[in-house]
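Chemist:
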Amino acid sequence: MSNVLYTVLADINHLVPERVTPWPRRRHGRSWLPILGDALKTVAGTATTDDVNRVMSAVDEIRQSQAVAYGQWSKTESDIVSLTHLFNDRLSALQRLENDQRQSMEQQYLDFANALADLFSMTSLVPAAIQRVSDFSSALVHIHSLRSALLDALRGRLKFEYFPD
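Our numbering numbers the first residue of the sequence shown as 439 and each following residue consecutively.
1) When DSSP labels each residue in this structure, what does R595 get in the three-state scheme?
2) How many Å lie between L592 and S572 at the Cα?
3) In angstroms with no decimal places, state the Cα-to-Cα distance between S512 and T487.
4) Which same chain residues end up closer than 8 Å to T561 when comparing Cβ atoms and leaving out the 5 residues on each side of it in sequence?
5) Kindly give me the distance between the Cβ atoms of N441 and Y508, rounded to whole angstroms, as I take these residues to be in contact under 8 Å.
6) Please state whether DSSP places D603 in a helix, a strand or coil.
7) On a CA-only basis, which of L447, R595 and G594 is nearest T514? Give me that one, please.
This is how it looks when you write it as C-alpha coordinates:
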(Lines of atoms letter the chains of each structure in order from A; the text may use other names.)
(Lines give C-alpha, C1' and ligand atoms only; values in the text may rest on other atoms or scores of the structure.)
Protein backbone atom coordinates (compact mmCIF):
# COMPACT_ATOMS: atom_id res chain seq x y z
CA MET A 439 0.00 0.00 0.00
CA SER A 440 2.87 2.37 0.75
CA ASN A 441 4.31 1.72 -2.74
CA VAL A 442 1.04 2.80 -4.32
CA LEU A 443 1.02 6.03 -2.29
CA TYR A 444 4.67 6.65 -3.12
CA THR A 445 4.15 6.19 -6.87
CA VAL A 446 1.08 8.47 -6.86
CA LEU A 447 2.97 11.18 -4.98
CA ALA A 448 5.98 10.79 -7.29
CA ASP A 449 3.68 11.18 -10.33
CA ILE A 450 2.19 14.34 -8.82
CA ASN A 451 5.69 15.67 -8.18
CA HIS A 452 6.68 15.00 -11.82
CA LEU A 453 3.56 16.75 -13.14
CA VAL A 454 4.58 20.03 -11.56
CA PRO A 455 8.37 20.11 -11.82
CA GLU A 456 10.34 21.87 -9.15
CA ARG A 457 11.88 25.17 -10.19
CA VAL A 458 13.48 28.09 -8.52
CA THR A 459 11.20 31.01 -7.80
CA PRO A 460 12.09 33.74 -10.29
CA TRP A 461 13.72 36.88 -9.00
CA PRO A 462 11.73 40.04 -9.39
CA ARG A 463 12.56 41.52 -12.73
CA ARG A 464 14.39 44.79 -12.86
CA ARG A 465 14.03 45.45 -16.51
CA HIS A 466 11.51 47.79 -17.91
CA GLY A 467 8.82 46.89 -20.33
CA ARG A 468 9.83 46.70 -23.98
CA SER A 469 6.99 48.62 -25.29
CA TRP A 470 7.38 52.29 -26.00
CA LEU A 471 3.71 52.44 -26.63
CA PRO A 472 1.77 50.39 -24.05
CA ILE A 473 -1.41 51.16 -25.94
CA LEU A 474 -0.12 49.10 -28.85
CA GLY A 475 0.40 46.07 -26.54
CA ASP A 476 -3.10 46.47 -25.07
CA ALA A 477 -4.57 46.67 -28.54
CA LEU A 478 -2.72 43.51 -29.66
CA LYS A 479 -3.89 41.75 -26.50
CA THR A 480 -7.47 42.62 -27.28
CA VAL A 481 -7.32 41.89 -31.00
CA ALA A 482 -4.86 38.97 -31.29
CA GLY A 483 -4.99 37.52 -27.74
CA THR A 484 -1.28 37.91 -27.03
CA ALA A 485 -0.16 37.86 -23.40
CA THR A 486 1.34 40.84 -21.68
CA THR A 487 4.01 40.72 -19.01
CA ASP A 488 1.29 41.22 -16.37
CA ASP A 489 -0.55 38.18 -17.73
CA VAL A 490 2.65 36.13 -17.64
CA ASN A 491 3.33 37.32 -14.06
CA ARG A 492 -0.17 36.33 -12.99
CA VAL A 493 0.25 32.88 -14.56
CA MET A 494 3.61 32.47 -12.82
CA SER A 495 2.12 33.44 -9.46
CA ALA A 496 -0.75 30.98 -10.04
CA VAL A 497 1.76 28.22 -10.86
CA ASP A 498 3.70 29.11 -7.70
CA GLU A 499 0.51 28.88 -5.62
CA ILE A 500 -0.28 25.51 -7.18
CA ARG A 501 3.27 24.33 -6.44
CA GLN A 502 2.94 25.45 -2.82
CA SER A 503 -0.43 23.75 -2.42
CA GLN A 504 1.06 20.62 -3.98
CA ALA A 505 3.90 20.76 -1.44
CA VAL A 506 1.37 21.04 1.39
CA ALA A 507 -0.64 18.17 -0.08
CA TYR A 508 2.53 16.08 -0.38
CA GLY A 509 3.34 16.77 3.28
CA GLN A 510 -0.17 15.75 4.29
CA TRP A 511 0.06 12.61 2.16
CA SER A 512 3.37 11.76 3.77
CA LYS A 513 1.94 12.21 7.27
CA THR A 514 -1.16 10.21 6.34
CA GLU A 515 1.02 7.43 4.93
CA SER A 516 3.06 7.22 8.13
CA ASP A 517 -0.17 7.22 10.19
CA ILE A 518 -1.60 4.41 8.08
CA VAL A 519 1.63 2.40 8.42
CA SER A 520 1.68 2.83 12.20
CA LEU A 521 -2.01 1.91 12.43
CA THR A 522 -1.38 -1.15 10.27
CA HIS A 523 1.44 -2.26 12.58
CA LEU A 524 -0.74 -1.65 15.64
CA PHE A 525 -3.61 -3.60 14.06
CA ASN A 526 -1.28 -6.49 13.16
CA ASP A 527 0.12 -6.59 16.70
CA ARG A 528 -3.34 -6.64 18.24
CA LEU A 529 -4.55 -9.25 15.78
CA SER A 530 -1.55 -11.43 16.65
CA ALA A 531 -2.31 -11.02 20.36
CA LEU A 532 -5.93 -11.97 19.70
CA GLN A 533 -4.82 -15.07 17.77
CA ARG A 534 -2.49 -16.07 20.61
CA LEU A 535 -5.33 -15.58 23.10
CA GLU A 536 -7.65 -17.72 20.96
CA ASN A 537 -4.99 -20.43 20.66
CA ASP A 538 -4.38 -20.43 24.43
CA GLN A 539 -8.13 -20.59 25.06
CA ARG A 540 -8.49 -23.53 22.66
CA GLN A 541 -5.62 -25.40 24.32
CA SER A 542 -7.08 -24.70 27.75
CA MET A 543 -10.47 -26.03 26.67
CA GLU A 544 -8.86 -29.15 25.19
CA GLN A 545 -7.00 -29.75 28.45
CA GLN A 546 -10.21 -29.25 30.45
CA TYR A 547 -11.99 -31.72 28.18
CA LEU A 548 -9.23 -34.31 28.67
CA ASP A 549 -9.31 -33.76 32.44
CA PHE A 550 -13.08 -34.14 32.45
CA ALA A 551 -12.88 -37.33 30.39
CA ASN A 552 -10.27 -38.74 32.80
CA ALA A 553 -12.45 -37.79 35.78
CA LEU A 554 -15.42 -39.55 34.17
CA ALA A 555 -13.31 -42.65 33.52
CA ASP A 556 -12.21 -42.63 37.18
CA LEU A 557 -15.82 -42.18 38.27
CA PHE A 558 -17.01 -45.07 36.10
CA SER A 559 -14.24 -47.31 37.44
CA MET A 560 -15.29 -46.33 40.97
CA THR A 561 -18.93 -47.13 40.25
CA SER A 562 -17.97 -50.70 39.36
CA LEU A 563 -16.15 -50.99 42.70
CA VAL A 564 -18.93 -49.51 44.82
CA PRO A 565 -21.38 -52.48 44.68
CA ALA A 566 -18.61 -54.93 45.61
CA ALA A 567 -17.49 -52.67 48.46
CA ILE A 568 -21.08 -52.30 49.70
CA GLN A 569 -21.53 -56.08 49.57
CA ARG A 570 -18.33 -56.63 51.56
CA VAL A 571 -19.30 -53.99 54.15
CA SER A 572 -22.74 -55.61 54.43
CA ASP A 573 -21.17 -59.06 54.85
CA PHE A 574 -18.74 -57.67 57.43
CA SER A 575 -21.51 -55.98 59.44
CA SER A 576 -23.59 -59.18 59.30
CA ALA A 577 -20.59 -61.22 60.48
CA LEU A 578 -19.94 -58.65 63.20
CA VAL A 579 -23.54 -58.95 64.42
CA HIS A 580 -23.26 -62.75 64.45
CA ILE A 581 -19.92 -62.65 66.29
CA HIS A 582 -21.38 -60.24 68.82
CA SER A 583 -24.31 -62.61 69.32
CA LEU A 584 -21.87 -65.52 69.70
CA ARG A 585 -19.85 -63.57 72.26
CA SER A 586 -23.01 -62.74 74.23
CA ALA A 587 -24.05 -66.41 74.08
CA LEU A 588 -20.62 -67.55 75.29
CA LEU A 589 -20.70 -65.03 78.14
CA ASP A 590 -24.18 -66.17 79.11
CA ALA A 591 -23.06 -69.81 78.93
CA LEU A 592 -20.13 -69.12 81.20
CA ARG A 593 -22.41 -67.44 83.71
CA GLY A 594 -24.90 -70.22 83.52
CA ARG A 595 -27.69 -68.39 81.75
CA LEU A 596 -28.39 -70.09 78.46
CA LYS A 597 -31.19 -68.66 76.36
CA PHE A 598 -32.97 -70.49 73.62
CA GLU A 599 -32.88 -67.47 71.28
CA TYR A 600 -29.22 -68.25 70.50
CA PHE A 601 -30.06 -71.60 68.97
CA PRO A 602 -31.96 -71.54 65.74
CA ASP A 603 -34.60 -74.18 65.09
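Where is the CB? At the ideal position from N, CA and C, for every residue including glycine.
Modeler: So, to answer that:
1) coil
2) 30 Å
3) 37 Å
4) none
5) With a Cβ gap of about 16 Å, N441 and Y508 do not count as contacting.
6) Reliability fails at D603, whose pLDDT of 49 lies under 50, so the model's placement of it is uncertain and the value that follows must be treated cautiously. Three-state DSSP puts D603 in coil, outside helix and strand.
7) L447
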